[in-house]
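First to last, the protein sequences are chains A and B. Numbering-wise (this note's numbering), the first sequence opens with residue 41 and increments by one. Numbering-wise (this note's numbering), the second sequence opens with residue 150 and increments by one.
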Amino acid sequence: MSGNNTFSLKVEELSHRALNAKLREAVANGIQRIELREVYGQRYIGTDLNKPVQIEIYGTPGNDMGAFMNGPSIVVHGNVQDGSGNTMDDGVIVVHGHAGDITGLAARGGKIFIKEDVGYRVGIHMKEYGEKKPLLVIGGTAQDFLGEYMAGGTLVLLGLNLKENEGHKARFIGTGMHGGVIYLRGNVEDFQLGKEVGVVEPDDNDYTVLQSAVGEFASYFDYDAEELLKGKFLKLFPLSSRPYGRLYTH
Amino acid sequence: MKTYIPNKFIVDRDPERCIQCQVCVNQCSFDANYYDAEDDEVKSREENCVGCHRCVVFCPTQALTIRKNPLDYRENFNWRPEVIEDILKQAESGAMILTGMGNDKGYRVYWDHLVLNASQVTNPSIDPLREPMELTTYLGSKPDKVELDSNNLKLKTKLAPQVKLDIPVIFAAMSYGAVSINVHESLARAATEAGTLWNTGEGGLHSKLYKYGANTIVQVASGRFGVHQNYLDAGSIVEIKIGQGAKPGIGGHLPGEKVSSEVSLTRMIPQGTDALSPAPQHDIYSIEDLAQLVYSLKEATNYEKPISVKIAAVHNSAAIASGMVRAGADIIVLDGFRGGTGATPKIIRDNVGIPIELALASVDSRLRAEGIRNRASIVVSGGIRNSGDVAKAIALGADAVYIGTAALVALGCTLCQQCHTGKCAWGICTNNLTLTKRINPDIGSRRLANLLRGWSLELKDILGGMGLNALESLRGNRLSLRGIGLTDTELKILGVKMAGD
C-alpha cells in the first residue's frame, strides 16, 4: 500500500470523508508523496493537510479540490470539477485537462495551472497582500465572469486551443475588478470586458511576469514557452482600486 | 450646488454655564462645535450636527442641549421631513443614500406584543437567590436519539461537536474594519469573562485576538477576507454568512478610507482599496452548493467544530432554513430586518426583510413539523434590546440570541446612524486612530460583561417566576407566551394564544 515515503490508494467508492481522513492520517505519519488512483468525484482532496506533500491524482476529483489548501502540490491526470483552489492559501495545483466553474475563487496565494479550458466565474475575487499573490494560468479559454471582483493576484488566459482568428467567448471579464492583473493571449472585443477594466499592451515588466508564469505553465505541459510568448498579449488592469466610490451619498 | 437640506439638530449652548473649555470642540468628530479665536468663543455649525450627544455627555458644566430641528413644514403625513430630505440628498448627489444601524421605521415590534407567564398558587415560583438556576446552552447539532451502553451506562451515541454557553446571548458579527480593534478586543474579553461567544464578522481576526479563539466565532463571507487555515482553526464555530438583516441580498463595500494598514493586513488586501464583498457567495447558488461549502469547512476543520449558516430573515425563511439544515448546518442564524450594520443602502435597510419574531416562529414551527429541529441550533438576531426580548425569543424557539446594537449601546453608541461615515464620535465604528482610542478595552469589556451579568440575573428571575429552573424548559415553550393586540393571523404565525385565553 505504501512505499518509503509514498502512500498510494485506489480510491474507488470511498466517501470523501473516509478518503480525507486517510490522507490526514498519512500526512500526520510523515508521508510526503500521495498517489490516488480511480478517483471518482471525491470532494475536498488536499484540504486540511497543511504540509507541502505531493499528491498525484488519476481520475476525476470532485468539487472544491484544494479548498482552503495550505501547502500541498496536486497534479491531476484528468479533468477537475468546480471550485478547485477555492480560497486557497498556498501550494500548487496542476491539471492536465479541463477545470470547471469558480476555479481559484477568492484564492489568496498559491499557483494553479490548467492545461485546457475552464468554466464560468473563474478567479472571482482573487486577492493579494504584499508578497502573497495567487497565480492562475489557463491554457485554453474561459467562460463568462472571468476575474470578476478581482482584488489581487495574476490571471493568465492563453487561449491555446482557439482557432486562427477565433476570439475568446467570455463576457463580463473583470467586472468590478479593483486589484490584480489579467494577461490575455488572443482576441477579445471591448463589449466582452467589464466597465471597470482598462486595456493596454504589456510592457517589459509585464513580460517578466509573463515569462515566469508562462514558463512554469510550459514546463508542466511540455510546451515551448518562447513560442507561447510570441502570441499577442493584452493586459487588463483595474481602472480604480475604488470602483464603486461614487455610488453613495450620506 | 447650494444645499437645500436644513440642519437636523439645534445645538443650545447655555452662555451662563459654558466656560469656553472647548471639550465639545475636541469631542465632536463632525466639526459641529468650533472655537472662534477672533471672538474667543465656542460656537456651533449646526448643519454638521448628527445628534450623537457625545458633547452633551462630556460637557463638564452641562451647558449643552441638542434638540431636533422641528422642521415645521406644512403638516403632511406622506411627505414627512425625512422623505423630503432624502429626495434633496439624491437631487444634489445622484447617488444611493447610505446609512448605518438597522431599520428604524415604525413597523410593529412584536416583542412588545408578547407577554410572559408566571406561577401563581397552582405551582410554586422559584427564588433564584436560594435555588440553582441553569442558563447553560449547547450550540450544535443534536442526535435523533441517544443510546446508552447497558454495561457502564456511558453514552454510546457519538455526539456532533457542541459549544457551551453560560448565557444564551452572543455578540453579533461586526467586522474589524467596520468597528475598531478596541471594540473587537472589548467584545472578545467580555465574551471570555461571561462564558459566551463573540463573532469576528467577515474582516478576519487580528493576530492579537487569536488567544480568545475558544470564545470566538469566525465568519466566512463572500469576500473571504482573512480566511485561511489558522483563522478557521482559531475559532470554536465557523459561520458562513449568506445574508444580513440590514441588507438582505446586498454585498458589502468597506470604503477604502477605512482600510488602514492593520485592517489591510488582517483582511489581506492592499491598504486603501475598497474591500468589496460580492452580493452572493459565488460558490453558493443553491442548497446543494451550500452543502458543499458546509462540508468544505467541516473537512478544513476535521469535523471538530459546528458550522453555522447565517441568513437574513426574508419571506421564504422557513423553507430556506429547512434546506440549510439538510445541507448540514449545525447552527442556523436568522437576522431580522432591525439588525444593524456599518453601512447599507437606506432603501434596502428600510424596505427589505421581515421582523425576526415572525421569522423565528415560522422557522421553528417548520423544522419541528419536518422532524429536523434537533439537527441544528437556532440563533436569532436583529433588534434584541433586553433580557425580556431574550426570554421571549427562547420561548418562541431560539436556542440563543445575537446582540450587536445592544452591545454597541453598552459601549456608548447612541444610534446616530453615522456608522458608514467612519467618523463615529464614540470611537466605535471607525478606524481613525484618534477616535478609536475613545474605546478602552479595559473599560469596554467591563461595560459589556456588566450588561451580560445584568441580563443573566434578570433571565433567572424570569425563569424562577415561571417556576422553571432551567432555560431548557422555556425553549420553544410557546405556552409561556401570550399575545396582546395581535390579529388571528399574527397569533397563528407566532404560535401563541391571545392574552386571557
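By construction, the Cβ of each residue, glycine as well, lies at the ideal position given by its N, Cα and C atoms.
Using beta-carbon distances, B:R373 counts as an interface residue toward chain A, with a partner under 8 Å. Between B:A340 and B:S530, the CB-CB gap reaches or exceeds 8 Å.
B:C208 and B:V172 have their C-alpha atoms roughly 6 Å apart. For A:P112, the enclosing beta strand (DSSP E) stretches over residues N110 to H117. Between B:L564 and chain A, the shortest Cβ-Cβ separation is not below 8 Å. Apart from sequence neighbours up to five positions away, the residues of its chain that approach B:A470 with a beta-carbon distance below 6 Å are I481 and V512, ordered along the chain. Taking 8 Å as the Cβ-Cβ cut-off, the region 145 to 167 of chain A approaches chain B at L145, A146, R148, R161, I164, H165 and K167, given in chain order.
The beta-carbon distance between A:T181 and A:L202, rounded to whole angstroms, is 6 Å. This is short enough to meet the 8 Å contact definition.
Counting along the chain, the unbroken alpha helix (DSSP H) around B:G537 starts and ends at S536 to L545. In the same chain as B:V458, and ignoring 5 residues on each side of it, the C-beta atoms closer than 6 Å to its own belong to I389, M473, A478 and I481, in chain order. Within the same chain, and ignoring the five residues on either side of A:F277 in sequence, the residues whose Cβ sits closer than 6 Å to its Cβ are V221 and G238. Between B:T422 and A:H138, the C-beta gap is not smaller than 8 Å, which leaves the two residues out of contact. A:D184 places its beta carbon 8 Å or farther from that of B:Q378. Taking 8 Å as the upper bound for CB-CB distance, B:P419 and B:S413 are in contact here, some 6 Å apart. By the Cβ-count criterion, B:P164 is exposed, with fewer than 16 other Cβ atoms from all chains shown falling within 10 Å of its own Cβ. Within chain A, the residues placing a beta-carbon under 7 Å from that of B:E448 are N60, Y84, T87 and D88, ordered along the chain. Taking a C-beta cut-off of 9 Å against chain B, the contacting residues of the region 169 to 196 of chain A are Y169, G170, K172, F185, E188, Y189, A191 and G192, listed in chain order. Cβ neighbours of B:L640 within its own chain (closer than 8 Å, five residues either side excluded): G632, K646 and M647.
In this structure, A:Y84 sits near B:Y444, with a CB-CB distance shorter than 8 Å. Excluding its 5 nearest sequence neighbours in each direction, B:N364 has C-beta neighbours in its own chain below 6 Å: A340, T341 and L346, listed in chain order. For B:M417, the chain A residues whose Cβ falls inside 8 Å of its Cβ are R148, K167, E168, Y169 and K172, in order along the chain. For A:S55, no beta strand (DSSP E) run applies, since DSSP gives it neither H nor E.
Against chain B, a Cβ distance below 9 Å from A:L287 picks out A244, M245, L247, H402 and P494. B:A525 is the residue among B:A525, B:N465 and B:G485 whose C-alpha sits nearest the C-alpha of B:A476. Beta-bridge pairing by DSSP links B:G632 to B:L263 and B:M647. If you check the CB distance, B:E351 and B:G372 come in under 8 Å. Of all residues in the region 272 to 285 of chain A, only S281, R282, P283, Y284 and G285 place a beta-carbon less than 8 Å from a beta-carbon of chain B.
Chain B places no beta carbon closer than 8 Å to that of A:I95, leaving this residue out of the contacts.
Contact check for B:H569 against B:G251 fails: the beta carbons are separated by 8 Å or more. Residue pairing by DSSP puts A:S48 in a beta bridge opposite A:E75. Between the alpha carbons of A:F231 and A:G159 lies a distance of about 19 Å. Burial is judged here by how many other beta carbons sit within 10 angstroms of a residue's own beta carbon; B:T585 has at least 16 and is buried.
Looking at A:D122, A:E96, A:E53 and A:K270, the one whose alpha-carbon comes closest to that of B:E437 is A:D122. DSSP assignment within the region 429 to 485 of chain B yields the following whole beta strand (DSSP E) runs of 3 residues or more, N-terminal first: 456 to 461 and 480 to 484. If you look at A:V237, you'll find it in the beta strand (DSSP E) that goes V237 to V240. Ranked by how close their Cα comes to the Cα of B:L628, the residues B:S268, B:G488, B:T450 and B:P292 have B:S268 in first place.
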